[in-house]
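A.B. asks: The sequence shown begins at -1 in the numbering used here and counts up one residue at a time.
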Amino acid sequence: MKQFQYVRPATLKAALDVIGKPGVKVIAGGTNLIDLMKRGVTAPDKLVDINHLGLVDHQSLKDITETKTGLYLGSLALNSVVSENNMVAKRHPLLAMALKAGASPQLRNMATVGGNMMQRTRCGYFYDTTMPCNKRVPGTGCGAMEGINRMHAIFGASQQCIAVHPSDMCVALAALDATVHIAGKKGERKLPFTQFHRLPGEHPDLDNNLAKDELIVGIEIPDNNFAQNSYYLKIRDRQSYAFALVSVAAALEIENGIIKNARLAMGGVAHKPWRLFDAEKALTGKQPTEENFAQAATLAMQGAIGHGGNSFKLKLAPATITEALKHAAGLV
Ligand code: SF4
-1 MKQFQYVRPA
9 TLKAALDVIG
19 KPGVKVIAGG
29 TNLIDLMKRG
39 VTAPDKLVDI
49 NHLGLVDHQS
59 LKDITETKTG
69 LYLGSLALNS
79 VVSENNMVAK
89 RHPLLAMALK
99 AGASPQLRNM
109 ATVGGNMMQR
119 TRCGYFYDTT
129 MPCNKRVPGT
139 GCGAMEGINR
149 MHAIFGASQQ
159 CIAVHPSDMC
169 VALAALDATV
179 HIAGKKGERK
189 LPFTQFHRLP
199 GEHPDLDNNL
209 AKDELIVGIE
219 IPDNNFAQNS
229 YYLKIRDRQS
239 YAFALVSVAA
249 ALEIENGIIK
259 NARLAMGGVA
269 HKPWRLFDAE
279 KALTGKQPTE
289 ENFAQAATLA
299 MQGAIGHGGN
309 SFKLKLAPAT
319 ITEALKHAAG
329 LV
């Protein structure tokens, strides 16, 4: 591994002063970045460890706090801490379920909320520096397009890249209409969670819309009425420590036997958490029945494209949507 400098700023301002320069990478839990460095996928000159922000200005990024309109997760809150937090469990069990479905207990003890969002795809060609990959080295081609693509995208892909975002947490946050709080030298800005990650388009090297000189400082989840009827269903090759083939975050607000509000997002199918807006609209005002769920799932699959190895997802995905909705509605 290439030698690198290591700095540990104690304030957000000090961190913002150093990030964004060429060769600089931010490290928090390091559960993905260290792998990337060991494999030679990335080789920073300087690592900026943000785990100690708040030592001087007491602006902790680890806290989980109530706001007037929801719940705020500091970007350095650990995945394990968020998943076990009482307020999260009571208000947003969907998020707790998604977090517990991700990685392993050891990894969740190190991984942060912000790091989870910033993790890179697990496409094998991206990690193998002897293979072509437009995401790792733009313009070299996409090894997965005609290669092994069982785990890859069926929605929103481009000729440049068919990778998927690997997070479970992000799928739940996309469904829950979360907002990303971002700090930069000019101040703080907010971005809807569904607009944080990008589709590959002509620039698969860009995973998200965070500028190089910005830091994620927190996530805000607005209050909602989904706690009673929500479910995260993850289909994978084994029951733990495996990425999703397909996952579905389903949340329903049911009043007098009618769906008043629905939220649906999928993981393992696109370069970003894939929100199913049309299916949500189709469910609104309907009864929570298996037939209505299956119709919404069929609608959600419009535009899906298989690439050979991953074409089984064209059947698996609608079945997973239907099943997740059945669980959310208490039908199973
Ligand atoms: Fe690279 Fe994306 Fe193709 Fe994978 S799918 S090889 S990440 S360009």
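C-beta atoms are modelled at their ideal positions from N, C-alpha and C, and glycine is treated no differently. The model shown is predicted, which means the values in this text are computed figures rather than measured ones.
Measure the C-alpha to C-alpha separation of LEU281 and PRO271 and round it to an integer number of angstroms.
C.D. replies: 20 Å
A.B. asks: What does a CB cutoff of less than 8 Å around GLN285 pick up in its chain, not counting 5 residues either side in sequence?
C.D. replies: Around GLN285: GLY255, ILE256, ILE257.
A.B. asks: One question on the structure: do THR127 and GLY38 come within less than 8 Å of each other, judged by their Cβ atoms?
C.D. replies: yes
A.B. asks: What residues are listed by DSSP as bridge partners for GLU218?
C.D. replies: TYR70, THR177
A.B. asks: Pairs of beta-carbons, one from the segment 93 to 101 and one from the segment 165 to 175, closer than 8 Å: are there three or more?
C.D. replies: Contact between the segment 93 to 101 and the segment 165 to 175 is present, with at least three C-beta pairs closer than 8 Å.
A.B. asks: Can you give me the C-alpha to C-alpha distance between GLY182 and PRO136, rounded to a whole angstrom?
C.D. replies: 27 Å
A.B. asks: Put ARG118 into one of helix, strand or coil per three-state DSSP.
C.D. replies: coil
A.B. asks: Where does HIS50 land, buried or exposed, given buried means 16+ other C-beta within 10 angstroms?
C.D. replies: exposed
A.B. asks: Suppose the cutoff is 8 Å on Cβ atoms and the five residues either side in sequence are ignored; what does the same chain contact list for HIS342 look like?
C.D. replies: Within the shown structure, residues of the chain are numbered from -1 to 330, placing residue 342 beyond reach of any answer.
A.B. asks: So is ASN227 buried or exposed if we call it buried at 16+ other beta carbons inside 10 Å?
C.D. replies: The residue is buried, with at least 16 neighbouring Cβ atoms inside 10 Å.
A.B. asks: Work out the CA separation of LEU262 and PHE275 for me, nearest whole Å.
C.D. replies: 7 Å
A.B. asks: Rounded to whole angstroms, what's the CA-CA distance from GLU200 to VAL330? Just pull it up for me.
C.D. replies: Spanning the alpha carbons of GLU200 and VAL330 requires a straight line of approximately 43 Å.
A.B. asks: Between VAL169 and the rest of its own chain, which residues show a CB-CB distance below 7 Å, the 5 nearest in sequence each way excluded?
C.D. replies: So the qualifying residues of the chain are ALA96, SER245, ALA247, ALA263, MET264, GLY265, PRO271.
A.B. asks: Less than 8 Å separating the beta-carbons of ARG118 and ASN207?
C.D. replies: Going by beta carbons, ARG118 and ASN207 fall outside the 8 Å limit.
A.B. asks: Please name the residue, chosen from ALA277, ASN290, LEU171, GLN300, that lies closest to HIS90 on a Cα-to-Cα basis.
C.D. replies: For the residues ALA277, ASN290, LEU171, GLN300, the minimum Cα distance to HIS90 belongs to LEU171.
A.B. asks: How about HIS195 and GLU186: are their beta carbons less than 8 Å apart?
C.D. replies: Taking 8 Å as the Cβ cut-off, HIS195 and GLU186 do not qualify as a contacting pair.
A.B. asks: Are there any heavy atoms of the ligand SF4 lying less than 7 Å away from the beta-carbon of ILE160, as far as the coordinates show?
C.D. replies: yes
A.B. asks: If GLU288 and LYS324 are in contact, beta carbons under 8 Å, what's the gap, nearest whole angstrom?
C.D. replies: 6 Å
A.B. asks: Just curious, the beta strand (DSSP E) that GLN293 is in, first and last residue?
C.D. replies: No beta strand (DSSP E) holds GLN293; the alpha helix (DSSP H) holding it covers 288 to 298.
A.B. asks: In this structure, does DSSP put THR138 in helix, strand or coil?
C.D. replies: coil
A.B. asks: Thinking just about the alpha-carbon of each residue, which of ARG134, ASP205, ASP15, GLU144 is nearest to the one in GLY113?
C.D. replies: ASP205
A.B. asks: For GLN303, count neighbouring Cβ atoms within 10 angstroms of its own Cβ and tell me buried if that reaches 16, exposed if not.
C.D. replies: Here residue 303 is Ile; the residue named in the question, Gln, does not match the sequence. With a threshold of 16 other beta carbon atoms within 10 Å, ILE303 falls short and is exposed.
A.B. asks: Counting only the same chain and skipping the five closest in sequence on each side, list residues whose C-beta sits under 6 Å from that of ALA322.
C.D. replies: TYR229, LEU231, VAL246, ALA248
A.B. asks: Runs of 4 residues minimum, wholly inside the segment 57 to 107: which ones carry the alpha helix (DSSP H) assignment?
C.D. replies: 77 to 82, 84 to 89, 91 to 99
A.B. asks: CB-CB under 7 Å to MET(-1), same chain, minus the five flanking residues each way: which ones, in chain order?
C.D. replies: MET35, LYS36
A.B. asks: Just to confirm before moving on: does the CB-CB distance between ILE214 and MET108 stay below 8 Å?
C.D. replies: Contact flag unset, no.
A.B. asks: What residue from ILE219, LYS19, ARG6, LEU10 has the CA that sits closest to ASP211's CA?
C.D. replies: Check the Cα spacing between ASP211 and each of ILE219, LYS19, ARG6, LEU10: the tightest is with LYS19.
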